[in-house]
Amino acid sequence: MTRPDETDPRHAVDRAAARDDDPLEPAARDVIGLDPASFRALATRAVELISDALGEHERAPARRWMPRALREQLLAEPLPTVGRAPAEILARVEREVLAYPMGNNSPRFFAWVNSTAAPLGILGELLAAAHNPSVAGGDHSATHVERVVVRWLRELVGLEPGGAGLLTSGGSVANLIGLGAMRHAHTGGDARRVGLQGGGAPLVIYASVEAHSCVEKAAILLGFGSDHLRRIPVDDARRIELGALARAIAEDRRAGLRPACVVASAGTVNTGAVDPFDALADLCARERLWLHVDGAYGALGRLARPELYRGLERADSLAIDPHKWMYIPVECGCALVRDAALLRAAYSLVPAYLRDDAEDPWFAEYGVQQTRGFRALKLWMVLQQVGAEGYRALVRRDIALAAALARMIDEHPALERRSDGPLSVVCFRHRAPPG
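Numbering (our numbering), first residue to last: 15 to 449.
Structural data, given as structure tokens:
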């Protein structure tokens, strides 16, 4: 007679069901737990898969398409009623998931600004999942690590000491948080009680036609409405046109509207254009406007091209994505705001069961999430490995590679370059043959 496999989760279900009158019995946890030896074996295999994939990137195609039949099978798969052995699941991940990547870990992946993942950051993600804290706040290691990396990011992009910030899922949420702080600054807190329906002239946001779509999404979600987002023309370098911006602000004031904020780009995703921060900061000071900088992709360019970023330190808020030019595995964005008290006033809402006497505010008081993952660990680890000077060298190399690509395109008879940005973005197209 064959002895049943005691590690098979289907037998664990049977054992738990047979003893469900005593939920304290270890058998009741068998359906989800793993003994240390089994976990170590699975973890070793998972790390082998990661290591193999990293070693293959130089040779493998950038993109491998999932076969239609497999995709349809996956999408039609019913909810499992009983469990499967973890080793079988891991083997399936290898066959059906890891075999068909998006491609951005490959050196041949040129599309968009999705970077490769730093190997140490991959391990950081694994360790953070095992640590499994909620980084809403509290006095534990994860919150202190996040406070450190937020301070390091502020220093890396040249902002003044102080202020507040937090890690986010990415630039979309980081921009949303910065613009939410701006809304609070202009409404004096009324928006928290009555929204933007409490009377008064509408507030207006200004951004260039090259600004990321997440700026418009934030304007919609925060109640400004897309009709009150002015898209300003750009100059030949694809930077916001200062004269057109000043005229738009003046026209809105004459119309009885309330200009509130200018959104500047520290490296647009289309061409890598960097808006003139010093001039924009002067204009915002004269007009009493909030200056927000979307640096999700390009804020780190300051390390290699500081002359383009003069005045960035005068921003009221800034968004940066470490999962772009810092090579941190997704998700990892960051919102930085000059006025810590204002940011807290915009978002803090602490229920009684979470209140404590901690000296530092909770991260949950600075943004929209309560339960928050440990995003900081992977960033903390990679920043220690690379350092500011290491990132300066990486950014300079990336910009040099883009310039080399631009020269190759210019020399190729079938290609036509379509942008001349100062950072690592090069746009080109295939030139149609004559006739």
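For glycine and all other residues, C-beta sits at the position ideal for the given N, C-alpha and C.
Per-residue DSSP class, three states only, for residue i
| i | result |
| --- | --- |
| residue 16 | In this predicted model, residue 16 has a pLDDT of only 49, less than 50, meaning its place in the structure is not dependable; the value taken from the coordinates is given anyway. Reduced to three states, the DSSP call for residue 16 is coil. |
| residue 336 | helix |
| residue 444 | strand |
| residue 71 | coil |
| residue 90 | coil |
| residue 251 | coil |
| residue 342 | coil |
| residue 190 | helix |
| residue 329 | coil |
| residue 279 | strand |
| residue 107 | helix |
| residue 268 | helix |
| residue 308 | strand |
| residue 303 | coil |
| residue 81 | coil |
| residue 320 | helix |
| residue 352 | coil |
| residue 295 | helix |
| residue 97 | coil |
| residue 50 | helix |
| residue 274 | strand |
| residue 288 | strand |
Same chain, Cβ closer than 6 Å to residue i, neighbours up to 5 away in sequence not counted
| i | result |
| --- | --- |
| residue 221 | 229, 277 |
| residue 205 | 197 |
| residue 138 | 391, 392, 395 |
| residue 323 | 316 |
Buried versus exposed call for residue i [16 or more other C-beta atoms within 10 Å across all chains shown]
| i | result |
| --- | --- |
| residue 451 | Any answer about residue 451 is impossible in this case: the structure gives the chain only from 15 up to 449. |
| residue 184 | buried |
| residue 382 | exposed |
| residue 58 | exposed |
| residue 109 | exposed |
| residue 395 | buried |
| residue 103 | exposed |
| residue 286 | buried |
| residue 250 | exposed |
| residue 124 | exposed |
| residue 440 | buried |
| residue 356 | buried |
| residue 203 | exposed |
| residue 421 | exposed |
| residue 50 | exposed |
| residue 157 | buried |
| residue 397 | buried |
| residue 105 | exposed |
| residue 111 | exposed |
| residue 464 | The requested residue 464 does not occur in the structure, where the chain is confined to residues 15 to 449. |
| residue 306 | buried |
| residue 79 | exposed |
Own chain, CB closer than 8 Å to residue i, minus 5 neighbours either side, in chain order
| i | result |
| --- | --- |
| residue 364 | 376, 378, 379 |
| residue 233 | 193, 219, 239, 240, 242, 243 |
| residue 245 | 221, 222, 223, 225 |
| residue 173 | 326, 327, 329, 332, 350, 352 |
| residue 90 | none |
Sequence-distant residues of its chain with Cβ nearer than 7 Å to residue i (five each side left out)
| i | result |
| --- | --- |
| residue 403 | none |
| residue 266 | 218, 273 |
| residue 321 | none |
| residue 293 | 256 |
| residue 195 | 331, 351, 356, 357, 360 |
| residue 166 | 397 |
(Q) If we require 3 or more residues per run, which beta strand (DSSP E) segments fall completely within the stretch 113 to 184? (A) 178 to 182
_Please give me, in chain order, every unbroken run of the beta strand (DSSP E) with length at least 3 that falls completely inside the stretch 364 to 445._
Segments of the beta strand (DSSP E) lying fully in the stretch 364 to 445: 429 to 431, 442 to 444.
Suppose only complete runs of 4+ residues qualify. What are the alpha helix (DSSP H) ranges in the stretch 194 to 242, listed by chain order? If we require 4 residues or more, the alpha helix (DSSP H) runs fully inside the stretch 194 to 242 come out as 204 to 208, 227 to 235.
message: Could you check whether the stretch 128 to 135 touches the stretch 110 to 120, counting it as contact only if at least three pairs of C-beta atoms, one from each stretch, sit closer than 8 Å?
response: Because the criterion of three Cβ pairs below 8 Å is met, the stretch 128 to 135 and the stretch 110 to 120 touch.
Please confirm if the stretch 312 to 319 is in contact with the stretch 332 to 339, defined as three or more CB-CB distances below 8 Å between the two stretches.
yes
**Asked** Does the stretch 409 to 422 touch the stretch 430 to 449, meaning 3 or more C-beta pairs lie closer than 8 Å?
**Response** Yes, the stretch 430 to 449 touches the stretch 409 to 422.
### Message
Tell me whether the stretch 344 to 363 and the stretch 167 to 187 touch, counting them as touching only if at least three CB pairs, one residue from each stretch, are closer than 8 Å.
### Response
Yes: the two stretches touch, three or more of their Cβ pairs being nearer than 8 Å.
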